[in-house]
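*Asks:* Let me give you the structure first, and then I'll get to my questions.
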Amino acid sequence: MKKILIISASAGAGHVIAARAVEHSLYGLRRPDLGVVPIDLLHFSTALYKMIYHDVYLYMAAKTPQLYGYIFDASDKIKRNNRPDFLWRWMDSLNSRKFINYMLDNQWDVVVSTHFLATQLVADLKRKRKLAAPLVTITTDYGLHSYWFSQDSEHYVAADEAARNHLMAMGIEPSRIHAFGIPVMPVFAQEKSRRSLRHKLQLRPGLPAVLLL
912 MKKILIISAS AGAGHVIAAR AVEHSLYGLR RPDLGVVPID LLHFSTALYK
962 MIYHDVYLYM AAKTPQLYGY IFDASDKIKR NNRPDFLWRW MDSLNSRKFI
1012 NYMLDNQWDV VVSTHFLATQ LVADLKRKRK LAAPLVTITT DYGLHSYWFS
1062 QDSEHYVAAD EAARNHLMAM GIEPSRIHAF GIPVMPVFAQ EKSRRSLRHK
1112 LQLRPGLPAV LLL
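By the working numbering, the letter at position 98 of the sequence shown is numbered 1009, and the numbering carries on one by one without gaps.
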C-alpha cells in the first residue's frame, strides 16, 4: 500500500479546507492500494507555536492588520533577499520536534503540504537526506510569501498563472509548477438555482449580489 501524508495547519481555515479537498479527491479514486493520512501540523507543535500560528495570527489579521502586514513584508524580505534564516529554521525545528519525529518514525511514499511551515520542515529533512518521499506543496495563497519556496519540493500547485510566475521568479523550475488552482470540495462544482439561493439568503430579486472573500 502506498502511504500518502497530507499536512495542513489549523492557522486559518484555508489550509485545512484545501487539505480536506485533496483527501476527499484521493478517497474518490477508490484505490484500495492508497493509504491517505491527514494530519494537523500544529497538533505536533509546542504550545508557543500553537499560540503564534493560531491565536496570534487570527487576532492580528482581525484587529491589527497593519502590524500583520508589516511583519509579513519584513519576514518576506529576509528570505527573498537570501539573508541567513538559520535562527528561524532552528526555532521551527525546536518547536516542531514531535512532528519531525513522527515523520521519521513512519515511511511515506508521497508527502503533500498545504502550509508553508510544513513545506519548510519537510524540505529540511529532505535536504539532510533523512526523508526520501517526494514533496508536493499546494500553495493556498494568491500573494505568496517567500517562506513557501523551497528547491526541495519536487512539485508545486499554484493558485493561478500569476502565482506560477511568482514561483518561477523565485527560481522554481517551470516543469515543477502546476497552475491547477486552490483545491476546493466537489460541492463548489455543483450548479445551484440562482432563484432558490436568493430566496434562501433573503436577497432582493433583480439586484446585483457581490461576494467578498
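C-beta: ideal position from N, C-alpha, C; glycine also. It should be emphasised that the depicted structure is a prediction, and the values quoted were computed from it without experimental measurement.
Starting from the C-beta of ASP987, find all residues in its chain whose C-beta is less than 6 Å away, skip the five residues before and the five after it, and write them out in chain order.
*Replies:* Position 76 of the sequence shown, counted from the first residue, corresponds to residue 987. If we look at ASP987 and ignore the five residues flanking it on each side, its Cβ neighbours are HIS1056 and SER1057.
*Asks:* From which residue to which residue does the alpha helix (DSSP H) around HIS1077 run?
*Replies:* Counting from one through the sequence shown, the residue named residue 1077 turns up at place 166. Element bounds for HIS1077: 1072-1080.
*Asks:* Between LEU937, MET1002 and LEU1112, which has its C-alpha nearest LYS914's C-alpha?
*Replies:* Numbered from its first residue, the sequence shown carries residue 914 at position 3. Per the Cα distances, LEU937.
*Asks:* Kindly identify the DSSP beta-bridge partner or partners of VAL913.
*Replies:* Counted from its first residue, the sequence shown places residue 913 at position 2. The sequence given here places Lys at residue 913; Val does not occur at that position. DSSP output for LYS913 lists LEU945 as bridge partner(s).
*Asks:* Do the stretch 922-937 and the stretch 1006-1019 make contact, defined as three or more Cβ pairs closer than 8 Å?
*Replies:* No: the two stretches stay apart, fewer than three of their Cβ pairs being nearer than 8 Å.
*Asks:* Could you tell me if LEU1024 is buried or exposed, where buried requires 16 or more neighbouring beta carbons within 10 angstroms of its beta carbon?
*Replies:* As a position in the sequence shown, residue 1024 is number 113, starting the count at 1. Just to set this straight, residue 1024 is Ser in the shown sequence, not Leu. Burial call: buried.
*Asks:* Assuming the contact rule is C-beta atoms closer than 8 Å, ALA932 and ASP951 should be a hit. Round their C-beta distance to whole Å, please.
*Replies:* By one-based count along the sequence shown, residue 932 stands at place 21. By one-based count along the sequence shown, residue 951 stands at place 40. About 15 Å; that fails the 8 Å criterion.
*Asks:* Any idea if ALA1080 is buried or exposed, counting beta-carbon neighbours within 10 angstroms, 16 or more meaning buried?
*Replies:* What you label residue 1080 is simply residue 169 of the sequence shown in a count that begins at 1. By the neighbour-count rule (16 or more Cβ atoms within 10 Å), ALA1080 is not buried but exposed.
*Asks:* What is the rounded straight-line gap between the Cα of TRP1019 and the Cα of ASP1063?
*Replies:* For the purposes of this step, residue 1019 is taken as the residue at position 108 of the sequence shown. For the purposes of this step, residue 1063 is taken as the residue at position 152 of the sequence shown. Answer to the nearest angstrom: the Cα atoms are 16 Å apart.
*Asks:* Taking the Cβ atom as the reference point for each residue, do GLU1065 and VAL1047 lie within a distance shorter than 8 Å?
*Replies:* Your numbering for residue 1065 matches position 154 in the sequence shown. Your numbering for residue 1047 matches position 136 in the sequence shown. Taking 8 Å as the Cβ cut-off, GLU1065 and VAL1047 qualify as a contacting pair.
*Asks:* Leaving out five residues on either side along the sequence, give the residues of the same chain with a beta carbon under 6 Å from the beta carbon of PRO1094.
*Replies:* Residue numbering aside, residue 1094 sits at position 183 when the sequence shown is read from its first letter. For PRO1094, where only same-chain residues beyond five positions count, the Cβ hits under 6 Å are ALA929, ALA932 and VAL933.
*Asks:* How is TYR1067 classed by DSSP in three states: helix, strand or coil?
*Replies:* The count along the sequence shown starts at 1 and reaches residue 1067 at position 156. Strand at TYR1067.
*Asks:* With a threshold of 16 other CB atoms inside 10 Å of the CB of GLN977, please say whether the residue is buried or exposed.
*Replies:* As a first step, residue 977 must be located in the sequence shown, where it is residue number 66. Its Cβ having fewer than 16 others within 10 Å, GLN977 is exposed.
*Asks:* Among GLU1102, GLY1082 and GLN1031, which one has its Cα closest to the Cα of PHE997?
*Replies:* Translated into positions along the sequence shown, residue 997 becomes position 86. Here the closest residue by C-alpha is GLN1031.
*Asks:* Would you tell me roughly how many angstroms separate the C-alpha atoms of ARG1109 and ASP984, rounded to the nearest one?
*Replies:* One-based indexing of the sequence shown puts residue 1109 at position 198. One-based indexing of the sequence shown puts residue 984 at position 73. So the two alpha carbons sit approximately 40 Å from each other.
*Asks:* Between which two residues does the beta strand (DSSP E) carrying SER1061 extend?
*Replies:* Here the question's residue 1061 lines up with position 150 in the sequence shown. Taken as a continuous stretch (DSSP letters only), SER1061 belongs to no beta strand (DSSP E), as it is neither H nor E.
*Asks:* Check for me: the alpha helix (DSSP H) holding ILE1011 runs from which residue to which?
*Replies:* Residue 1011 sits at position 100 when you count from the first residue of the sequence shown. Note, ILE1011: alpha helix (DSSP H), 1008-1016.
*Asks:* Just reading off the alpha helix (DSSP H) that ILE855 is part of, what are its end residues?
*Replies:* A query on residue 855 cannot be resolved here, the shown segment of the chain reaching from 912 to 1124 and no further.
*Asks:* Just the C-alpha distance for ARG1000 and GLY1117, rounded to the nearest angstrom, thanks.
*Replies:* Working through the sequence shown from its first residue, we reach residue 1000 at position 89. Working through the sequence shown from its first residue, we reach residue 1117 at position 206. Cα-Cα distance, rounded: 54 Å.
*Asks:* Helix, strand or coil: which one does DSSP assign to SER1088?
*Replies:* On the sequence shown, residue 1088 is found 177 positions in, with the first residue counted as 1. Note on identity: in this sequence residue 1088 is Ile, with Ser being the wrong assignment. In the structure shown, ILE1088 sits in a strand (DSSP, three-state: E or B).
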